[in-house]
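See below for the structure under consideration.
There are 2 protein chains.
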Amino acid sequence: MKVLITGGAGFLGQRLARELLNRGQLKGPNGQPESISELVLLDVVAATGFEHEARVRVEVGDIAERATLERVIDTQTHTIFHLAAVVSGQAEADFELGMRINLDASRLLLETCRTLGHQPRVVFTSSVAVYGGTLPAVVQDDTALNPQSSYGMQKAVAELLLNDYARRGFVDGRVLRLPTISVRPGKPNAAASSFASGIIREPLNGVTAVCPVAGSTRLWLLSPRKAIACLIAGCEIDAAALGIQRVVNLPGLSVSVDEMIAALREVAGEAVAARIEWQADARVEKIVGSWPGQWDTSRAQQLGLVGDRSFAEVIRSYIEDERISVS
Amino acid sequence: MKVLITGGAGFLGQRLARELLNRGQLKGPNGQPESISELVLLDVVAATGFEHEARVRVEVGDIAERATLERVIDTQTHTIFHLAAVVSGQAEADFELGMRINLDASRLLLETCRTLGHQPRVVFTSSVAVYGGTLPAVVQDDTALNPQSSYGMQKAVAELLLNDYARRGFVDGRVLRLPTISVRPGKPNAAASSFASGIIREPLNGVTAVCPVAGSTRLWLLSPRKAIACLIAGCEIDAAALGIQRVVNLPGLSVSVDEMIAALREVAGEAVAARIEWQADARVEKIVGSWPGQWDTSRAQQLGLVGDRSFAEVIRSYIEDERISVS
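Keeping their order, the protein sequence lines are chains A and B.
Position in the first sequence (from 1) plus 10 gives the number in this note's numbering.
Position in the second sequence (from 1) plus 10 gives the number in this note's numbering.
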């Protein structure tokens, strides 16, 4: 089968591509493994590091243009991971860009599939940001969406679209709501949640990190390793097991910022954990504070999706994956 | 102030226009009454019966075209009632048309307001069809949306868009979720709920009506009179009272089809109530069966929105409004 990853040059896209290439196959719609004949990585910049992979086709293009999607999706494209997105902080700062990439492009992708008529499997990623307002202590599968950011609204709209396209049989769709991914390697980005990686990554690199929210702020986190595992497992779930509700809350870890720092201290020592400065940022606090700190994961567990066991373990896997020497 | 009604030639649009002309004024954003200087009625066909009303401007156009909206909205347009829609049955039968009118046009209307920058008051109507799947006996304000029709999905998306445009201060938005309107005068339409008027209207006109759902099917109804009163009251609610949640479930009556027919018998006699044939229609049963039969109306009541007291009273007001002689 042909597989497409949008946002294929991004952090999760690259990791997912590597993992798919290692596996070499995905379960097909009939539940039998099928080998991946071609893996298309689409992004606004060229995905690098796949030059020697005969199965990989790197494509550069604007995902909000119909022509781009028609170039990367054909009737042989049986699985699509749609990861391309403008992050929360950027979607709040630039309303039009967020609408174009997070909403219009998602719809165009679904429309391209509908027009082709081959009912591909389409995996959308969504976010904690679809929730907001007064929330129960533990968010349930049937808790109402109430986004308090344009990013959250755009993700919620994409969820509704995918559910209806799936109901009508235009695609075999599934939406995986990702907890905040931590620890992300690399540089800070414009996501309001960027600090959730920064306060671990920077201190481990010997750099001081700024924490823009209170230590009591509760986050809902998933490591990159488990995120990739959940994306693949979520893609392979039998459509019948999902029924009419194509949205699944992925299993996260509920931790406060204070608990994250305690785990950093446990894994890397006091000197590392001391490299955090507190500097409240009302804009970030408002966005992050509207997200739920915990949700009910029984459906995810039933569907075989597995999260992290502890945040200390998350930090250790980050150190291992990124080959960081902790001194 | 200038007022725009989209769907202005439709049943609710015409009724709303008449009521606004009778009142002559609406509360402005500061809570003080302002007289209506111009009432624009936009629809795909010309609204008729307003030829002698100097304040009325009848406009014909495609609401999904930007130029149409730019023609009917300017910086003096302080209040917009957006009623134009493709009904549920039609949106299910013609996916593209439903997306164009129920989703794209609603967004274009919000975009036109954002571009003008004068933050008008915008009233969207939404529907029971945003709910579906396994529902609690009484739907609460925070019950998750789970539309099981494309119409419901499109309305849910429009709700999310309006909430975010309001949050960002692009419009002073409010969404009023309408129960099924009954009794509508005139002819059956392509709405899945068309029978909810037909089984009362046709027998009163001496014509046999076909009921496509079981007598035990529970509906959530609002009379045209109270719908118009709620639209105006909903428009006049102080923005601060709505807060971040701009969607309000209007107060309906929870009645079964059997109870509706019993009320018809009570008001118009056995001979009239006998003019109903039962002929199950799986397509209609599926759509209507996914809607909630009752929802919690405490917020609507708090906000001063009032529904009907009994279905017999609804039938009597229909007979009065439409000048029907019951023999």
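Just so it is clear, CB atoms sit at the ideal spot from N, CA and C, and this is done for glycine as well.
For a Cβ distance threshold of 9 Å, nothing in chain A lies close to F60 (chain B): the least Cβ distance comes to about 36 Å.
Interface residue (Cβ-Cβ distance to chain A less than 8 Å): A154 (chain B) is classified as such.
For V167 (chain A), at least one C-beta of chain B is nearer than 8 Å to its own C-beta.
Neighbourhood of L260 (chain B) in chain A, by CB distance below 9 Å: empty, with the nearest CB roughly 17 Å away.
Contact of L107 (chain B) with chain A by beta-carbon distance below 9 Å is absent, the smallest such distance being about 14 Å. In the three-state scheme derived from DSSP, where H, G and I count as helix and E and B as strand, V282 (chain A) is classed as helix. For the 8 Å CB-CB criterion, R285 (chain A) and P213 (chain A) form a contact.
At least one C-beta of chain A is nearer than 8 Å to the C-beta of Q158 (chain B). Per DSSP, reduced to three states, the secondary structure at D53 (chain B) is strand. Contact annotation: the segment 255-268 of chain A touches the segment 300-319 of chain A, with at least three C-beta pairs closer than 8 Å. L231 (chain B) and P189 (chain B) do touch by the CB rule: their CB atoms are close to 5 Å apart, below 8 Å. L172 (chain A) sits in a helix when the DSSP states are folded into three classes. Residue contact check for M163 (chain B) against chain A: a CB pair falls below 8 Å. Here R33 (chain B) is exposed, its C-beta having fewer than 16 other C-beta atoms within 10 Å. Residue burial annotation: S335 (chain A) is exposed, with fewer than 16 other C-beta atoms found within 10 angstroms of its C-beta. Taking 7 Å as the upper bound on Cβ-Cβ separation, chain A lies near residues G143, D152, T153, A154 of the segment 138-154 of chain B. Exclusion of the five residues before and after A310 (chain A) leaves V258, N259, L260, P261 as the residues of its chain whose Cβ lies within less than 7 Å of its Cβ. Three or more beta-carbon pairs separated by less than 8 Å are not found between the segment 30-46 of chain A and the segment 75-85 of chain A, which leaves the two stretches without contact. Taking 7 Å as the Cβ-Cβ cut-off, the segment 243-267 of chain B approaches chain A at I254, Q255, given in chain order. DSSP lists B:L52, B:H92 as the bridge partner or partners of T16 (chain B).
The residues R184, in chain order, have a CB closer than 7 Å to that of L252 (chain A) in the same chain once the five nearest residues on each side in sequence are set aside. Fewer than three pairs of CB atoms, one per stretch, sit closer than 8 Å, so the segment 120-134 of chain B makes no contact with the segment 140-148 of chain A.
Proximity of the segment 153-173 of chain B to the segment 110-122 of chain B meets the contact definition, three or more beta-carbon pairs being nearer than 8 Å. As far as DSSP is concerned, Q311 (chain B) takes part in no beta bridge.
Within chain B, the residues L155, P157, M163, A166, V167, L170 have their CB atoms less than 8 Å from the CB of L170 (chain A), given in chain order. E269 (chain B) and E330 (chain B) have their C-alpha atoms roughly 21 Å apart. Beta-bridge annotation (DSSP): R184 (chain B) is paired with B:V133. The beta-carbon of R178 (chain A) is placed less than 8 Å from the nearest beta-carbon of chain B. Ranked by how close their Cα comes to the Cα of Q100 (chain A), the residues A:Y328, A:E332, A:V294 have A:V294 in first place.
Excluding its 5 nearest sequence neighbours in each direction, D291 (chain B) has C-beta neighbours in its own chain below 7 Å: P222, listed in chain order. Here W288 (chain B) has C221 as same chain residues with Cβ atoms under 7 Å from its own Cβ, once five neighbours each way along the sequence are excluded. Among the CB atoms of chain B, none fall inside 8 Å of the CB of D306 (chain A). Going by beta carbons, A322 (chain A) and A273 (chain A) fall inside the 8 Å limit. The residues R110, I111, D114, A115, L118, in chain order, have a CB closer than 8 Å to that of A74 (chain A) in the same chain once the five nearest residues on each side in sequence are set aside.
In this structure, the CA atom of L186 (chain B) is about 10 Å from the CA atom of V138 (chain B). Residue A:I242 holds the alpha-carbon nearest to the alpha-carbon of L26 (chain A) among A:I242, A:S207, A:A154, A:Q35.
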